[in-house]
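Chemist: Just so you know, the sequence shown maps onto residues 27 to 130 in our numbering. For every residue, glycine included, the Cβ atom is placed at its ideal position computed from N, Cα and C.
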Amino acid sequence: MQGYSGQDVGKTGEQGKQGEEGEHARREFIAELWRRFETLQEWAVHHWPDQQHPLSSADFVEARKELLSLRSPAGPLKQPLQQNEAEPEQGGAQYLDVTPAPWP
27 MQGYSGQDVG
37 KTGEQGKQGE
47 EGEHARREFI
57 AELWRRFETL
67 QEWAVHHWPD
77 QQHPLSSADF
87 VEARKELLSL
97 RSPAGPLKQP
107 LQQNEAEPEQ
117 GGAQYLDVTP
127 APWP
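1. Could you give the residue range of the alpha helix (DSSP H) that holds V20?
2. List, from N- to C-terminal side, the beta strand (DSSP E) runs of 3 residues or more that fit wholly inside the stretch 54-78.
3. For the candidate residues A57, L81 and L59, whose alpha-carbon lies nearest to that of E68?
4. For the putative contact between K93 and F63, defined by C-beta atoms under 8 Å, what is the C-beta separation to the nearest angstrom?
5. Closest to A127 by CA distance: which of E54, E115 and A89 is it?
Shown next, in the form of structure tokens:
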């Protein structure tokens, strides 16, 4: 059994502050990632070697969706968590295909 100590006071406030700082850092990271992705997309469209089949911003839709899913702490593309699924040892699926379709 643990006893109460005065050192425990304020931990909740510190944890909240750390959570806010972590969220701020995560948002800054996502903003920087998005900026770099836009730069990469622009570069790719302008430097694509196959001029008969040029790239456009539409070719990057799926990548944009994945990056936008980082905004949601709930997971990719705001898909609901599947908590009611059986584990493999309980007869559930042993393999879930999460690989995206290949790029054309």
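Modeler: Let's see:
1. Since the first and last residues shown for the chain are 27 and 130, residue 20 lies out of range.
2. Whole beta strand (DSSP E) segments, 3+ residues: zero.
3. If you number the sequence shown from 1, residue 68 lands on position 42. The candidate whose alpha carbon is nearest that of E68 is L81.
4. The count along the sequence shown starts at 1 and reaches residue 93 at position 67. The count along the sequence shown starts at 1 and reaches residue 63 at position 37. The residue you asked about is not Lys; residue 93 is Leu in the sequence shown. That pair is a contact at about 6 Å.
5. Counting from 1 along the sequence shown, the entry for residue 127 is found at position 101. Measuring C-alpha to C-alpha distances from A127 to each of E54, E115 and A89 identifies A89 as the nearest.
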